[in-house]
Amino acid sequence: MEGRLANAWRLTANDKSFIRTALLSEIRIDGRKPYEYRKIVVKFGREDGSSEVQLGQTRVMGIVTAQLVQPYRDRPKEGILSIFTEVSPMADPSFEPGHPGELAVELGRIIDRGLRESKAVDTESLCVLAGKFVWAIRIDLHILDNGGNLVDAANIAALAALLTFRRPECSLGGEDGQEVIVHPPEIREPLPLIVHHLPIAITFGFFSNDSILVIDPTHNEEAVMGGRMTTTVNANGDICAIQKAGGEGVPQRVIMQCLQLATAKAAGITKQIKEAVEVYNTERALRKIKRHPTSTGVNVKERQDQSVGK
Amino acid sequence: MMQVRPNLDYEGPKSHQHHRAFVFGFEYGFLKEKLDQKEAAKRANEQLGFVFDIGPNPWSKPATSSFGCKPSLVKMEYVSPEGLRLDGRRPMEMRQIRAEIGTVARADGSAVFEMGNTKVIAAVYGPREVQNRSQQISDQALVRCEYSMANFSTGDRMRKPKGDRRSTEISLVIRQTMEACILTHLMPRSQIDIFVQVLQADGGTRSACINAATLALADAGIPMRDIVTSCSAGYLNSTPLLDLNYIEDSAGGPDVTVGILPKLDKVTLLQMDAKLPLDIFENVMGLATEGCKAVANYIREVLLENTKQLEYRRGL
């Protein structure tokens, strides 16, 4: 059971009423329209499978690692996908250091459901030796800055990291083909994961008035809103997951409206992620080509003349 | 030699490798360790004379076709051709509901709620003084909730009944759902504790917990805007099914849990996993909402009956 902490940040009454009144005229405090998303910036690190996503003020980092483990007993031919979230007080003073709070657990589970249940990542291809060795993919999400709407940013970070992750290639060897040899990346090019589709999480905020609905709430709006709903949809129009954990009640037609909005937004965000991944892949390929140190042609004679001439 | 026997124990959750053929009520349990799929299918063919054809795993197909099982695949029958489900219900039929109020004498309000084989007990303490002063809210009541599953509630003994991520999430979900309907501003600086424990788990535990919590809150006399009722629905074999049990839930198909405020006709809780196209989702959600309304009618009856009993005991 988690109560609210003493150092939980609370918005002043004036700020709250200002946000509410502004929303009645469809104005949000950061100048966006109610159905407008903040700017998304996807950056990648040097390693394969590390991404940093900035959604307005919110920053989340995602890192993907893989390990060979024994599969679950009832699924001997499938790989394992697990998601871990780290929230530190650096991102928001109301986060407790160490033990993950309810928010972190809910965040992890929403993204987990969106990726795992909708079969976005192909786990069957992660099987190396049925019943003995499979790849366990671990996604670590680090919340760096809480500017509101952590779920969406963390989801994009997880997807970007998964798309750029490369797992080492391995082959079976040994006397009876039961040994697994993992090839280092220098010998054999590591392989990307098979991702069937990209489930994008889109969060809506509901306010006490039925007709007020915002997409991508900021930190301040989250303190004011009565309820939230996170819908995970993909660009094909399938709904992968929905999470509306209580909060303000909304009529069914509003939910259907949200889903339609989400499907429209998902296409745009999917395109953005894919473009960023493309840029990273080209850059990575270029990095591979340069095997020798850059040697630009230096005209030795010119240099000599210059030094002599001085 | 494989034997035909009714297999009533289900090994493990959500197993796609668990292939069963549903033939007139009997089940073949394919021994996973000893035979692989092809071997087992071959033996079934020999024994029965049916033709099973195993193709590639249906779930490894790309996302474009959400529900197109090839006709040659082993069909997992959750709805038989006559339209009956595994436990003999029709697709739109709910399991039997039973509720009892006032089972925990010590608590301010308590209830036991059963949906088929799922049995849940809820106890409410409050409004009472906030135990941790730092968490006190000056203009509202603090609502806390704890969800736990008894060790003996599932087939295999559970190692960690609470504190794991699923329990934390469900506790959060139940708390926020009940918070939306309790009139917390009438009880500032106080605390309302909701404890829910699952005694028997057979699918739909979340819904049963919310229904039990509603009854317990009503029994405790805590002012609420409206009762909250919840029900789940799924989509298997191209049929929307109401009130999934454990087998249907672990089939890997979509599972939609809806919680509504019946009089206000508003949706408070909505959770869905696995993929569904938008139009089918609308149907399934509508079906779950109808189920919620049926539960709401039953809960109202139970509460009325309880009030009559109280009046009778007071000599009115």
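Protein chains in written order, with this note's numbering: chain A, 1 to 310; chain B, 311 to 626. For every residue, glycine included, the Cβ atom is placed at its ideal position computed from N, Cα and C.
Does residue i have its Cβ less than 8 Å from a Cβ in chain B?
i                     : result
residue 398 (chain A) : The requested residue 398 (chain A) does not occur in the structure, where chain A is confined to residues 1 to 310.
residue 136 (chain A) : no
residue 240 (chain A) : yes
residue 167 (chain A) : no
residue 247 (chain A) : yes
residue 85 (chain A)  : no
residue 97 (chain A)  : no
residue 283 (chain A) : no
In this structure, what does DSSP give as the bridge partners for residue i?
i                     : result
residue 583 (chain B) : B:565
residue 51 (chain A)  : A:44, A:62
residue 165 (chain A) : Answer is none; residue 165 (chain A) lacks a bridge partner.
residue 238 (chain A) : B:587
residue 455 (chain B) : B:504
residue 173 (chain A) : A:179
residue 597 (chain B) : In DSSP, residue 597 (chain B) forms no bridge with anything.
residue 205 (chain A) : A:214, A:228
residue 539 (chain B) : B:570
residue 395 (chain B) : B:389
residue 142 (chain A) : A:61, A:86
residue 652 (chain B) : The structure shown does not extend to residue 652 (chain B), since chain B is modelled only from 311 to 626, so the question has no answer here.
residue 133 (chain A) : A:129
residue 544 (chain B) : B:551, B:565
residue 407 (chain B) : B:425
residue 439 (chain B) : B:500
residue 245 (chain A) : B:579
Rounded to a whole number of angstroms, what is the C-alpha to C-alpha distance between residue i and residue j?
i                     : j                     : result
residue 402 (chain B) : residue 394 (chain B) : 10 Å
residue 267 (chain A) : residue 281 (chain A) : 21 Å
residue 580 (chain B) : residue 120 (chain A) : 22 Å
residue 504 (chain B) : residue 573 (chain B) : 23 Å
residue 149 (chain A) : residue 175 (chain A) : 53 Å
residue 184 (chain A) : residue 191 (chain A) : 12 Å
residue 242 (chain A) : residue 177 (chain A) : 44 Å
residue 405 (chain B) : residue 541 (chain B) : 11 Å
residue 345 (chain B) : residue 531 (chain B) : Here residue 345 (chain B) scores only 46 on pLDDT, less than 50, and its place in the model should not be relied on; the value that follows carries that caveat. Cα to Cα, residue 345 (chain B) sits roughly 58 Å from residue 531 (chain B).
residue 216 (chain A) : residue 387 (chain B) : 41 Å
residue 46 (chain A)  : residue 114 (chain A) : 27 Å
residue 598 (chain B) : residue 188 (chain A) : 52 Å
residue 624 (chain B) : residue 578 (chain B) : 36 Å
residue 37 (chain A)  : residue 238 (chain A) : 20 Å
residue 369 (chain B) : residue 562 (chain B) : Low confidence applies here, because residue 369 (chain B) scores a pLDDT of 43, under 50, leaving its location unreliable; read the following figure in that light. Rounded to the nearest angstrom, the two C-alpha atoms are 10 Å apart.
residue 200 (chain A) : residue 553 (chain B) : 28 Å
residue 246 (chain A) : residue 93 (chain A)  : 25 Å
residue 140 (chain A) : residue 273 (chain A) : 19 Å
Buried or exposed for residue i, please, with buried defined as at least 16 other CB atoms from any protein chain shown within 10 angstroms of its CB.
i                     : result
residue 286 (chain A) : exposed
residue 340 (chain B) : Below a pLDDT of 50, predicted positions are generally treated as unreliable, and residue 340 (chain B), at 38, falls in that range; the measurement from the model is reported next regardless. Classification for residue 340 (chain B): buried.
residue 391 (chain B) : exposed
residue 462 (chain B) : exposed
residue 107 (chain A) : buried
residue 362 (chain B) : Caution applies to residue 362 (chain B), whose pLDDT of 42 falls short of 50 and renders its modelled position unreliable; the model cannot decide the point.
residue 98 (chain A)  : exposed
residue 88 (chain A)  : exposed
residue 416 (chain B) : exposed
Would you kindly check if the distance between the Cβ of residue j and the Cβ of residue i is under 8 Å?
i                     : j                     : result
residue 586 (chain B) : residue 545 (chain B) : yes
residue 111 (chain A) : residue 143 (chain A) : no
residue 137 (chain A) : residue 202 (chain A) : no
residue 19 (chain A)  : residue 222 (chain A) : no
residue 514 (chain B) : residue 425 (chain B) : yes
residue 566 (chain B) : residue 487 (chain B) : no
residue 219 (chain A) : residue 147 (chain A) : yes
residue 213 (chain A) : residue 258 (chain A) : yes
residue 27 (chain A)  : residue 122 (chain A) : no
residue 508 (chain B) : residue 430 (chain B) : yes
residue 411 (chain B) : residue 451 (chain B) : no
residue 154 (chain A) : residue 49 (chain A)  : no
residue 535 (chain B) : residue 496 (chain B) : no
residue 156 (chain A) : residue 53 (chain A)  : yes
residue 490 (chain B) : residue 249 (chain A) : yes
residue 549 (chain B) : residue 422 (chain B) : no
residue 179 (chain A) : residue 124 (chain A) : no
Just checking: is the beta-carbon of residue i within a distance shorter than 8 Å of some beta-carbon in chain A?
i                     : result
residue 582 (chain B) : yes
residue 586 (chain B) : yes
residue 475 (chain B) : yes
residue 256 (chain B) : Look at the range of chain B in this structure, 311 to 626, and you will see that residue 256 (chain B) is not part of it.
residue 486 (chain B) : yes
residue 575 (chain B) : yes
residue 483 (chain B) : yes
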